[in-house]
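Protein chains in written order, with this note's numbering: chain A, 811 to 1105; chain B, 24 to 336.
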């Protein structure tokens, strides 16, 4: 057949694993070694397709040898090669499999790292898949009690949502970030997350939602005494007074400059749409509200 | 009755009814030892004079005179306000002849006095309202820092305008604006620092559990390494000592072999020389030496030597 070294190794390894009349037990140990060597050799020779297959088989071998850590590592290598080959569905599958294997070793951090790498690889081409991966990664970390690490993931997912212009989802993710920050007493991140959510709603020109969001967040003690709270108040009052200059001025203020990049971009573009209609609409709403308050 | 008599009589009557003359009594300080009452009396008189001055100032046409009067009134007000606490302290002191109700009443009097002092018109009450409106829009976290009560209330008639004074005021306002700008810059920088500090704080909090895990793992690795090192040392020690022994024996044999080779070569030459000259003593010596060497050295050498020795014979 072929004369190259890794091909020979592959053939030998395949023979070792196939069960025939003469061979009753597959020799996985030897086979795995050969697969690993073949994979490295293929990678050096820039033959990514075969290297990927070799890594897959090596990973399966490690699984048989009941060492999920090594299996997961091989899976990750296979996945990165698949990324180079631009086979996106395989990328997602491989990273998910790697994450499962890491979970078997009960190591949540590498599991979520694997999912994060997968999501980052898929951001351009399959954003929905990427978001699913981000969400799963966040869930993994939260179950393990390591919410601190989840902040970056939440931020990445939020920026992806904003790119996809799914503002409600982005805002809800920011609120989840706030919740995670609350659990670890990271008040600064929490307040920044809430302010970010309000800005996202305002950018989507959904002012009622923004106000509702603000009312929800205002009940939280950590948010009440913070700079971000004051900034949010200024912004919302500027909106209700339809004062475009004021909105622009608040958007340039330093509190907003300390937020995430994607959100700063949104804030600079405020106000979107027509702001003046707010006054009349709010006045109409006030009367029914007053009646409700009295009763 | 003469006029003198009438005068004397009137005097007597006046003296008799003097105690009903309030103003006179006040002038004579009829309250005597009561410090509070004395001070209170002075306060009252000052307030009255201040009111008179303010009335005069209201009607005064000359701006400068009215300004001067207003300034005086203000100074008096400030002085009285400063001395009011003293009066309050005295009000609480017990004086003989006074009931408890009177003490309480004195406290109330002091408070009423304070209000009266502040109500004296001094020409700035109108201006104060204007500036207060401007200050109320500042953020709630600011404290109003006032240096004196007339700060910022620059009525048109307050100063006598002259070239120098208006230039001076302009310069003052320019400097104030520059200071404000500088303070703005500082506050922005501080905000950035604060945000950075917050982020650093959170990052450090995030790293703490990671460091703990690392410490645990590194401790475990260190102890395992120490263990391995000790065992390795022991093994090496054993191996090395046996080897040393063998090396020593081998080297010793090699050295003896070389020495015997050289020695034999030298002995053979000397023996032949001795036989030619028939030197018996030397021969005997050489013989004995050869015997000694032959007993020590291996058989092969010995054979060689005997052959060498018998040949010349």
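Built from N, CA and C at the ideal position, the CB exists for glycine as well.
Keep in mind it's a predicted model, so treat the numbers as computed, not measured.
According to the neighbour-count rule (16 or more other Cβ atoms, all chains shown, within 10 Å of its Cβ), is residue i buried or exposed?
i                       : result
residue 890 of chain A  : buried
residue 232 of chain B  : exposed
residue 203 of chain B  : exposed
residue 40 of chain B   : exposed
residue 923 of chain A  : buried
residue 997 of chain A  : buried
residue 276 of chain B  : exposed
residue 197 of chain B  : exposed
residue 845 of chain A  : buried
residue 149 of chain B  : Low confidence applies to residue 149 of chain B: its pLDDT is 42, below 50, so where it sits in the model is not reliable enough to give any reading.
residue 251 of chain B  : exposed
residue 280 of chain B  : exposed
residue 162 of chain B  : For residue 162 of chain B, the predicted structure reports a pLDDT of 45, less than 50, and the residue's modelled location is therefore unreliable. A value from the coordinates is still provided. Classification of residue 162 of chain B: exposed, given that the 10 Å Cβ count is below 16.
residue 260 of chain B  : exposed
residue 63 of chain B   : buried
residue 1036 of chain A : buried
residue 278 of chain B  : exposed
residue 1087 of chain A : With a pLDDT of 47 at residue 1087 of chain A, under the threshold of 50, the predicted position of this residue should be treated as unreliable, and no value is reported.
residue 849 of chain A  : buried
residue 87 of chain B   : exposed
residue 269 of chain B  : exposed
residue 30 of chain B   : exposed
residue 151 of chain B  : Any answer about residue 151 of chain B is weak, because its pLDDT of 41 lies below 50 and its placement is not dependable; what the coordinates show is given next. Classification for residue 151 of chain B: exposed.
residue 1049 of chain A : buried
residue 76 of chain B   : buried
With distances taken Cα to Cα, identify the nearest neighbour of residue i among the options.
i                       : options                       : result
residue 73 of chain B   : B:112, B:83, B:58, B:145      : B:145
residue 1070 of chain A : A:1000, A:1046, A:1048, A:916 : A:1000
residue 1034 of chain A : A:962, A:1005, A:952          : A:1005
residue 126 of chain B  : B:136, B:276, B:111, B:189    : B:111
residue 887 of chain A  : A:990, A:1057, A:869          : A:869
residue 914 of chain A  : A:985, A:878, A:1072          : A:878
residue 896 of chain A  : A:1074, A:936, A:920          : A:936
residue 1038 of chain A : A:1053, A:1060, A:1051, A:815 : A:1060
residue 1072 of chain A : A:1082, A:1010, A:1036        : A:1010
residue 991 of chain A  : B:225, B:268, B:87, B:262     : B:225
residue 1058 of chain A : A:901, A:939, A:1079          : A:1079
residue 900 of chain A  : A:918, A:859, A:874           : A:859
residue 921 of chain A  : A:933, A:938, A:945           : A:945
residue 867 of chain A  : A:843, A:857, A:854, A:856    : A:843
Is it true that the CB of residue j sits closer than 8 Å to the CB of residue i?
i                       : j                       : result
residue 993 of chain A  : residue 957 of chain A  : yes
residue 931 of chain A  : residue 973 of chain A  : no
residue 911 of chain A  : residue 947 of chain A  : no
residue 841 of chain A  : residue 823 of chain A  : yes
residue 107 of chain B  : residue 132 of chain B  : no
residue 114 of chain B  : residue 129 of chain B  : yes
residue 140 of chain B  : residue 100 of chain B  : yes
residue 951 of chain A  : residue 929 of chain A  : no
residue 1068 of chain A : residue 218 of chain B  : yes
residue 1076 of chain A : residue 1024 of chain A : no
residue 826 of chain A  : residue 864 of chain A  : no
residue 288 of chain B  : residue 312 of chain B  : no
residue 970 of chain A  : residue 941 of chain A  : yes
residue 984 of chain A  : residue 1003 of chain A : yes
residue 838 of chain A  : residue 871 of chain A  : yes
residue 1082 of chain A : residue 1015 of chain A : yes
residue 116 of chain B  : residue 191 of chain B  : no
residue 851 of chain A  : residue 873 of chain A  : no
residue 939 of chain A  : residue 902 of chain A  : yes
residue 1020 of chain A : residue 1030 of chain A : no
With respect to 7 Å, is the separation between the Cβ of residue i and the closest non-hydrogen atom of the ligand FMN below this value?
i                      : result
residue 293 of chain B : Among the components modelled here there is no ligand, and therefore nothing to report on the ligand FMN.
Legend entry - the segment 902-913 of chain A in contact with the segment 878-890 of chain A per 3-pair CB rule at 8 Å: yes
Inset, instruction - Please determine if the segment 1060-1067 of chain A and the segment 960-973 of chain A are in contact, where contact requires at least 3 C-beta pairs separated by less than 8 Å. - result: no
Inset, instruction - For the segment 130-145 of chain B and the segment 92-102 of chain B, state whether three or more C-beta atom pairs, one from each stretch, are separated by less than 8 Å. - result: yes
Legend entry - Contact the segment 63-71 of chain B vs the segment 29-46 of chain B: 3+ CB pairs below 8 Å: no
Legend entry - Contact between the segment 975-986 of chain A and the segment 1045-1056 of chain A (3+ Cβ pairs under 8 Å): Fewer than three beta-carbon pairs drawn from the segment 975-986 of chain A and the segment 1045-1056 of chain A are found closer than 8 Å, and the two stretches are therefore not classed as touching.
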